[in-house]
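Colleague: Taking our numbering, the leading residue of the sequence shown gets 37, the next gets one more, and so forth. Beta carbons are placed, not taken as given, at the ideal position from N, Cα and C, and that holds for glycine. Just so it is clear, the structure is predicted and the values come from calculations on it, not from any experiment.
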Amino acid sequence: MVKKLPDHIYQVNGRFRVRYRKSNKIPFDFDEYYDNLEDAIEGKEQFLAKAKLNLLTPNKTKHIGFSDFCDYYLDWFKNKPKRPSKNTINGYISKINLLKILFKNQDITEINSYQIEMILAKEKNRVKYSNGAKTKDKISEHTLHHEFTMLRILFNKAYNWNFIDKNPMVGVEEPTFKEKQIIVPEYEELDTIKTKIYTCKIRERCQFLLTLFTGIREEEVCGIHIEDFNETEGYVFINRAVVFDSDKKEFVEDKTKSQTSNRKNPLTF
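1) For D227, count neighbouring Cβ atoms within 10 angstroms of its own Cβ and tell me buried if that reaches 16, exposed if not.
2) How would you call T292, buried or exposed, if buried means at least 16 neighbouring beta carbons within 10 angstroms?
3) So, are the CB atoms of F52 and N72 less than 8 Å apart?
4) How many Å lie between N95 and Y150 at the Cα?
5) Are the region 66-80 and the region 40-56 touching by the rule of at least three beta carbon pairs closer than 8 Å?
6) Which same chain residues, not among the five before or five after L138, have their C-beta less than 7 Å away from its C-beta?
7) By alpha-carbon positions, which one of Y108, I77, P211 and E74 ends up nearest to K88?
8) Would DSSP call Y70 helix, strand or coil?
9) Give the straight-line distance between the Cα atoms of I100 and N198, rounded to the nearest whole angstrom.
10) What does a CB cutoff of less than 7 Å around P63 pick up in its chain, not counting 5 residues either side in sequence?
11) Near V278, what residues of its chain come up, given a Cβ to Cβ distance below 8 Å and the 5 sequence neighbours on each side ignored?
12) Where does Q243 fall in DSSP's three states?
Written out as structure tokens, the structure is:
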């Protein structure tokens, strides 16, 4: 059976065509070709989102503020065909909210490389907060690099979506950072850790032992059901996680971080 294509998407000579004619709801004609269905769906969603936000003119898009563009980007990111996990979405929201404070709603076309480098230079000396209170420490190199990476993602999309004619991130110096050292308990320490774990209640005891001896992520441990355990073959199947839904403001069951995260994890204890 041939899979039905979404509305307004047609397959022509091995490519995918997105076609809209001017109407009361759509102010302008749209006719673009894409190499694959995923790009065609994304192109269609971008066009409809711009039309809904009244960001289209016959020749060019209207100017948009940085904060408004961030909201537009997040709306696309949450609903793109390859839907990211809620943990990834929450991470993006956290980073973008900080950048919205730094750049406010300045016209995105007026932001240049010099301004970005100056903001990153000031960020390097910003004092970090812990539980809402100022600390004596500055933000880490990794935090600064995360801000740089998020800016690069945003401006790359702004350029690809024709919101800007020139990408201001081109030429911006990438902040340096040292790879975090992964600290693994010594073999001799395992008995001491196990002794402490066995002082916990049975529920927490099982969770801690799973993380200690299998390396399963904490959100994956919370998503395990009893039927996921296979005692005969000695493994637990990981295929879901419990994460915080920023829209619903509650913890929900969701898919794992990536498709490769769905796995049979051996039980070694």
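Modeller: A quick look at the data gives this:
1) For this step, residue 227 is matched to residue 191 along the sequence shown. It is exposed - the Cβ of D227 has fewer than 16 other Cβ atoms within 10 Å.
2) Counted from its first residue, the sequence shown places residue 292 at position 256. Counting the other CB atoms within 10 Å of its CB gives T292 a total of 16 or more, which places it among the buried residues.
3) As a position in the sequence shown, residue 52 is number 16, starting the count at 1. As a position in the sequence shown, residue 72 is number 36, starting the count at 1. Cβ distance < 8 Å, so F52 and N72 count as in contact.
4) Walking along the sequence shown from the start, residue 95 turns up at place 59. Walking along the sequence shown from the start, residue 150 turns up at place 114. With a pLDDT of 49 at N95, under the threshold of 50, the modelled position of that residue is not reliable, and no figure is offered here.
5) The region 66-80 is in contact with the region 40-56.
6) In the sequence shown, the residue the question calls residue 138 occupies position 102. I155, listed in sequence order.
7) Numbered from its first residue, the sequence shown carries residue 88 at position 52. Of Y108, I77, P211 and E74, the residue nearest in Cα terms is Y108.
8) Within the sequence shown, numbered from 1, the residue matching residue 70 stands at position 34. In this structure, Y70 counts as strand in the three-state DSSP scheme.
9) To locate residue 100, count along the sequence shown from 1; it is residue 64. To locate residue 198, count along the sequence shown from 1; it is residue 162. Straight-line Cα distance between these residues: approximately 11 Å.
10) Indexing the sequence shown from 1 puts residue 63 at position 27. Scanning its chain for C-beta atoms nearer than 7 Å, with the 5 sequence neighbours on each side dropped, one finds around P63 the residues A87 and L92, in chain order.
11) As a first step, residue 278 is located in the sequence shown; it is residue number 242 there, counting from the start. Apart from sequence neighbours up to five positions away, the residues of its chain that approach V278 with a beta-carbon distance below 8 Å are E255, C258, G259, F287, V288, E289 and D290, ordered along the chain.
12) Your numbering for residue 243 matches position 207 in the sequence shown. In the structure shown, Q243 falls within a helical segment according to DSSP collapsed to helix, strand and coil.
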